[in-house]
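Have a look at the structure below, then the notes.
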Amino acid sequence: MPEATKIRAVKGTRDLLPPATGLWQRVEDEARRVFAAYHFGEIRTPVLEPADLFARSVGADTDIVTKEMYTFEDRDGERLALRPEATASVVRAYIEHGLFNQGRVNKLYYIGPMFRRERPQKGRYRQFYQIGAEVLGSEAPSIDAELLEMLVLLLDRLGLRGCRLLLNSVGDSHCRPEYVKVLRRALENMQGRLCADCQRRAATNPLRVLDCKVEADQPLIAKLPSILDHLCPECRAHFERLQAELGQRGVKYELAPRLVRGLDYYTRTAFEITSDVLGAQNAVLGGGRYDGLSELLGGPAAPGIGFAIGLDRLILAVEAVGQLKPQEGLAVYIAWLGEAALPPAIELATELRRADWSVELDYEPAKLKKSLGTASKLGARFTVIIGEGELASGRYQVKNMATGEQQEVPAARVGGYLQERIGSTFFARAEIGR
RNA sequence: GUGAGCGUAGCUCAGCUGGUAGAGCGCCAGACUGUGGAUCUGGAUGUCGCGGGUUCAAAUCCCGUCGCUCACCCCA
6 MPEATKIRAV KGTRDLLPPA TGLWQRVEDE ARRVFAAYHF GEIRTPVLEP
56 ADLFARSVGA DTDIVTKEMY TFEDRDGERL ALRPEATASV VRAYIEHGLF
106 NQGRVNKLYY IGPMFRRERP QKGRYRQFYQ IGAEVLGSEA PSIDAELLEM
156 LVLLLDRLGL RGCRLLLNSV GDSHCRPEYV KVLRRALENM QGRLCADCQR
206 RAATNPLRVL DCKVEADQPL IAKLPSILDH LCPECRAHFE RLQAELGQRG
256 VKYELAPRLV RGLDYYTRTA FEITSDVLGA QNAVLGGGRY DGLSELLGGP
306 AAPGIGFAIG LDRLILAVEA VGQLKPQEGL AVYIAWLGEA ALPPAIELAT
356 ELRRADWSVE LDYEPAKLKK SLGTASKLGA RFTVIIGEGE LASGRYQVKN
406 MATGEQQEVP AARVGGYLQE RIGSTFFARA EIGR
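When the letters of the first sequence are read in order and numbered with our numbering, they come out as residues 6 to 439.
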């Protein structure tokens with residue numbers, strides 16, 4: 006290494022490299038497939054947004070906006086921000102493009118990086134990735150239920166076990182303020198008996214006391230009034246219909262009256278899925294309804310619901326469970342012996358690659374022993390050997406790397422031979438990896 | 001922003017109370033002139049994160065600094 010100061014990735018950001026990215030692709034593919042089944046379309050919004058968008062949606066007083074958002078002034082003085090989440094952007098686009106004029110509901114999903122300047126730790130990065138989906142234009146409980154069903158299917162496809170779906174309703178602009186008052190009063194009566202953090206939360210954000218993790222506080226917290234007992238009739242009916250439909254769809258969940266969400270815009274349905282294989286940051290995904298958000302951003306009344314999956318965390322969980330294998334592999338390695346064999350080797354490689362087989366070959370002259378070693382290391386399913394004899398006969402040696410069997414195959418037939426052995430899929434979907 | 005732990009070969013790490021660096025894995029070569037994954041033999045690679053101090057002598061002790069990790073806060 007030259008003696009210049011090493012430039013490293015920015016704190017809290019990281020490079021994702023090949024064997025690992027195979028798993029990321031696999032997970033993203035599964036998500037896209039499941040979303041397509043539920044007829045969601047992909048939306049791609051900018052990573053850069055007016056800073057004000059998040060102040061108005063996420064909440065000007067939230068930690069995300071006050072201390073975690075990357076904001077800066079553009080050269081013309083405009084305040085910009087790297088998006089800390091995507092729901093606000095999706096709703097902004099929904100309004101900007103008049104999607105509400107399309108009638109019916111809009112079902113959109115996104116995959117991409119988000120940015121929050123927090124202290125990194127396991128499952129939490131400054132540039133992190135989210136897969137999310139939003140349904141805009143209806144408050145029907147059936148949509149909430151469908152969304153949750155879809156999530157359960159996705160996690161199942163990914164082989165994730167040990168996940169819990171926690172469900173709550175946080176009420177709306179009518180009943181939640183009332184509940185917060187009741188909660189405040191109850192907290193005042195407990196003054197001094199909760200942990201220091203809770204004392205502080207009781208004043209700043211009483212709802213947060215509910216998900217305090219301090220063991221000693223639990224008995225007291227259990228005695229606090231539950232929001233579910235304070236929902237207005239409309240919210241209660243909505244929540245009951247949702248639960249009924251979840252039952253009908255076979256979606257298992259746990260009522261979590263103490264589940265609260267951090268972003269200001271949430272109303273009614275709130276949920277979270279946790280995994281017991283993660284560390285302290287055990288929430289794989291979170292979401293909920295945000296019926297007033299569109300209006301807050303200057304749009305029409307357009308109720309919505311959505312979720313965001315923490316991809317980094319999802320991957321950690323998928324790795325821990327170890328069910329899903331990255332989808333990558335090498336179908337064929339071509340070993341050529343002697344300069345005269347190089348042109349035919351290149352010709353074969355090109356032909357196979359055009360037929361979508363994944364192919365590698367020696368770039369420099371190598372001993373057969375070495376080529377086979379390389380082929381083996383790369384996980385090639387087959388190795389084609391082209392030497393003097395093969396050139397003369399026009400029949401190549403094709404070796405099955407798993408069994409060691411080897412057969413002579415006419416040069417023009419190699420593609421067909423592979424097709425018969427590996428299958429009709431377009432390229433080797435070898436299940437390699439650990 | 002707060003706290004704790006850790007920075008030694010490409011990777012995982014050992015190196016006790018100071019005597020100027022090791023293992024396993026990986027990599028390369030050979031045993032085996034055109035047959036891999038096994039075994040054996042040999043080989044290459046380190047500013048011991050960086051800077052300073054103590055000492056005859058520092059990877060080891062002290063101070064500082066940077067980085068990473070985990071946790072708190074909060075969230076995905």
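For each residue, glycine too, the CB sits at the ideal point set by N, CA and C.
{"Check": "Whose C-beta lies closer than 7 Å to the C-beta of Leu-87 among residues of the same chain, with five residues either side of it excluded?", "Outcome": "Val-52, Leu-53, Tyr-75 and Phe-120"}
{"Check": "Please tell me whether Pro-211 and Ser-231 are closer than 8 Å, where the distance is taken between their beta carbons.", "Outcome": "no"}
{"Check": "Given a cut-off of 8 Å, decide if Val-140 and Ile-4 are closer than it, judged by their beta-carbon atoms.", "Outcome": "Past the boundaries of the shown model lies residue 4; the chain is included only from 6 to 439, so the question cannot be answered."}
{"Check": "Helix, strand or coil: which one does DSSP assign to Trp-341?", "Outcome": "strand"}
{"Check": "Would a C-beta distance cut-off of 8 Å place Phe-276 and Leu-170 closer than the cut-off?", "Outcome": "yes"}
{"Check": "Go through the segment 146–225 residue by residue and report every complete run of the beta strand (DSSP E) that reaches 3 residues or more, in order.", "Outcome": "168–174"}
{"Check": "Between Leu-113 and Ala-145, is the Cβ-Cβ spacing less than 8 Å?", "Outcome": "no"}
{"Check": "So, using beta-carbon positions, are Asp-149 and Arg-294 closer together than 8 Å?", "Outcome": "yes"}
{"Check": "Looking only at its own chain, which residues have a Cβ that is under 8 Å from the Cβ of Leu-152, when we skip the five neighbours before and after it?", "Outcome": "Ala-138, Val-140, Gly-292, Ile-310, Gly-311 and Phe-312"}
{"Check": "Please classify Leu-102 as buried or exposed, where buried requires at least 16 neighbouring CB atoms within 10 angstroms.", "Outcome": "For the record, residue 102 in the displayed sequence is His; it is not Leu. His-102 should be labelled exposed."}
{"Check": "Distance check for Trp-29 and Leu-366, CA to CA, integer angstroms please.", "Outcome": "27 Å"}
{"Check": "From what residue to what residue does the beta strand (DSSP E) around Thr-279 run?", "Outcome": "272–280"}
{"Check": "Measure the beta-carbon distance from Ile-12 to Gly-303 and round it to whole angstroms, keeping in mind my assumption that it falls under 8 Å.", "Outcome": "About 42 Å separates the two Cβ atoms, so there is no contact after all."}
{"Check": "In this structure, does DSSP put Thr-71 in helix, strand or coil?", "Outcome": "helix"}
{"Check": "Which runs of the beta strand (DSSP E) spanning at least 3 residues fall entirely within the segment 280–331, listed in chain order?", "Outcome": "288–294 and 309–315"}
{"Check": "Can you tell me which of the three DSSP states Lys-375 falls into?", "Outcome": "helix"}
{"Check": "What residues are listed by DSSP as bridge partners for Phe-133?", "Outcome": "Met-119"}
{"Check": "Just to confirm my understanding: we take Asn-111, look at its own chain, exclude 5 residues before and 5 after, and list those with CB closer than 6 Å. What are they?", "Outcome": "Leu-104, Leu-141 and Gly-142"}
{"Check": "Looking at C-alpha atoms only, which residue of Phe-387, Glu-239 and Arg-206 is the closest neighbour of Ile-226?", "Outcome": "Arg-206"}
{"Check": "Can you confirm whether the segment 282–291 touches the segment 314–334 when touching is taken to mean that 3 or more C-beta pairs between the two stretches lie within less than 8 Å?", "Outcome": "yes"}
{"Check": "Quick check: the segment 54–68 against the segment 346–357, are there 3 or more CB pairs under 8 Å?", "Outcome": "no"}
{"Check": "When you compare each of Cys-180, Ile-69, Leu-58 and Gly-17 to Val-95 by their alpha carbons, which one comes out closest?", "Outcome": "Leu-58"}
{"Check": "At what residue ranges does the segment 41–97 contain a whole run of the alpha helix (DSSP H), taking only runs of 4 or more?", "Outcome": "56–59"}
{"Check": "Is it right to say His-243 is buried, meaning 16 or more other beta carbons lie within 10 angstroms of its own, or is it exposed?", "Outcome": "buried"}
{"Check": "My guess is that Arg-131 and Thr-18 are in contact by the Cβ rule of under 8 Å, so how many angstroms apart are they, rounded?", "Outcome": "6 Å"}
{"Check": "For Ala-227, which three-state DSSP category applies?", "Outcome": "helix"}
{"Check": "Which same chain residues, not among the five before or five after Thr-355, have their C-beta less than 6 Å away from its C-beta?", "Outcome": "none"}
{"Check": "Rounding to the nearest angstrom, what Cα-Cα distance links Gly-394 and Arg-129 in this structure?", "Outcome": "58 Å"}
{"Check": "Measure the alpha-carbon distance for Cys-180 versus Asn-173 and round it to whole angstroms.", "Outcome": "14 Å"}
{"Check": "Helix, strand or coil for Arg-254? Go by DSSP, reduced to three states.", "Outcome": "helix"}
{"Check": "Nearest to Leu-236 by alpha carbon, out of Asp-216, Ala-14, Asp-281 and Val-187?", "Outcome": "Val-187"}
{"Check": "Using alpha carbons as the reference points, say which of Ala-307, Gly-334 and Val-282 lies closest to Lys-127.", "Outcome": "Val-282"}
{"Check": "Give me, in chain order, the residues of the same chain whose beta-carbon lies closer than 7 Å to that of Phe-45; leave out the 5 immediate sequence neighbours on both sides.", "Outcome": "Lys-112, Leu-113, Tyr-114 and Ala-138"}
{"Check": "If we call anything under 8 Å between Cβ atoms a contact, is Arg-273 one with Asp-177?", "Outcome": "yes"}
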